[in-house]
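A short worksheet on the structure shown next.
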Amino acid sequence: MLEPAPGTLEDRVGELLERLSNACGIAGGEGEVRELLREALEPHCCEVYTDTIGNLVCRRGNGPVRVMLAAHMDEVGLVVAGHEDSGLLRFKESGGLDPRVLPGRPVLVGLAKMPGVIGLGAVHLLDADDREKVPPSRELLIDIGAGNKEEAVAVAPPGTPVFFSTRFERLSNGRVKGKALDDRVGCAVVAEVLLGPERDGLTLFGVFTVQEEVGLRGARVAAYHVAPRLALAIDGTSSANVPGVDPSLTCTDLSEGPAISVMDGTVVMDSRIREQLASLASRHDVPYQYRRLTTAGTDSGGMFLQREGVPVCSVSVPCRYIHSAASLADLGDVAATIRLTNLFLDSLDKGEFEL
Ligand SMILES: [Zn+2]
633 MLEPAPGTLE
643 DRVGELLERL
653 SNACGIAGGE
663 GEVRELLREA
673 LEPHCCEVYT
683 DTIGNLVCRR
693 GNGPVRVMLA
703 AHMDEVGLVV
713 AGHEDSGLLR
723 FKESGGLDPR
733 VLPGRPVLVG
743 LAKMPGVIGL
753 GAVHLLDADD
763 REKVPPSREL
773 LIDIGAGNKE
783 EAVAVAPPGT
793 PVFFSTRFER
803 LSNGRVKGKA
813 LDDRVGCAVV
823 AEVLLGPERD
833 GLTLFGVFTV
843 QEEVGLRGAR
853 VAAYHVAPRL
863 ALAIDGTSSA
873 NVPGVDPSLT
883 CTDLSEGPAI
893 SVMDGTVVMD
903 SRIREQLASL
913 ASRHDVPYQY
923 RRLTTAGTDS
933 GGMFLQREGV
943 PVCSVSVPCR
953 YIHSAASLAD
963 LGDVAATIRL
973 TNLFLDSLDK
983 GEFEL
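Shown next, in the form of structure tokens:
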């Protein structure tokens, strides 16, 4: 059984995040991540179940106000789509990948995690113009060392998932590097909240959703059967406060706390929830910022339109280089997101905030 390590909140959540980041699961194949979370949370929850499409639902408490926290388990990656006579694999993308990160990248193929590489033509064969171009993914092939098509089909048939081969590592200043931090940071936040105190006034559902990266799908089904009074989506979002990016386009700043969304491409956040989150953060000295981008989407957009409508808000952990092979987050931001989520739940539990 997976137990959080003792020590500070940052240490504990860092240990869980490492396991979550190293686990693999693209949309529709989230089983390894789901199993890790189920093992960690089952002993602490009143009820844990997997619904018909793979969402993991964990309930704490039985109080009058039903609250849902959503974090998605799937990561961006690739799917084997065909085979060359030579044994090389053709692939399609799963989720919105940055095409610049694919060429030459080491990958893990299938749940057996067979090593491979996204192959490139030899650089010394390129002319000067070609060196400036990013080859489209349809021209790239994965090499797993197979000697012919039959061998390749046998070990990596069509539909086999492919993951980036990136191990989680701790950097300096409490920052960490890993694959899939979008949204394993959110999974770590929701798990840590579920491991915390039970609240008499709430029925808290921590829901780990499927297929967010391909259309916010799991959250829609989960919000229907959970039927929450209100919901938060906890996600990893872009943070581009790096050289060469105009400050107005950075979306969020790393190490400046959780980012509260005002709107995105799928939903306008409930202003009462948003203002309550900001007010609690200010009063309790939790750093926070607003997400300065109004496009893209999170599970909030999926939950919002269920049943009679669900008031939602997204709270995101800033992550640099998301939707690539390796992203970077600050454990201080993750811990602050946990604190803010707990403050929000406390305010609902005590009746200080109601909708
Ligand atoms: Zn995400």
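Sequential numbering from 633 applies to the sequence shown in the numbering used here. Glycine residues also receive a C-beta, built at the ideal position from the N, C-alpha and C atoms. This one's a predicted model, so the numbers in the text were calculated from it and none came from an experiment.
The bridge partners DSSP lists for residue 839 are 689 and 702. A Cβ closer than 5 Å to some heavy atom of ligand 1 marks a residue here, and those residues are 814, 815 and 867. Annotation for residue 935: no beta strand (DSSP E) segment contains it, though the alpha helix (DSSP H) segment containing it runs 931-936. DSSP links residue 682 through a beta bridge to 688. Taken through DSSP and simplified to helix, strand or coil, residue 663 comes out as helix. Sorting 886, 822 and 732 by C-alpha distance to the C-alpha of residue 700 places 822 at the top. Counting along the chain, residue 781 sits inside the alpha helix (DSSP H) bounded by residues 781-787.
In the assembly as shown, residue 897 is an exposed residue. Its beta-carbon has fewer than 16 other beta-carbons within 10 Å. By the Cβ neighbour-count rule, residue 816 is buried, with 16 or more other Cβ atoms within 10 Å of its own. Ranked by how close their Cα comes to the Cα of residue 930, the residues 904, 840, 974 and 956 have 840 in first place. Put simply, of 868, 683, 697 and 640 the residue whose alpha carbon is nearest the alpha carbon of residue 811 is 868.
Residue 738 is bridged by DSSP to 749. Each residue's CA atom was taken as its position, placing residue 668 and residue 783 some 32 Å apart. Remark: C-beta atoms of residue 949 and residue 966 approach each other more closely than 8 Å. Each of 953, 690 and 934 was checked against the Cα of residue 944, and the nearest Cα belongs to 934. DSSP places residue 968 in no beta strand (DSSP E) but in the uninterrupted alpha helix (DSSP H) bounded by 963-981.
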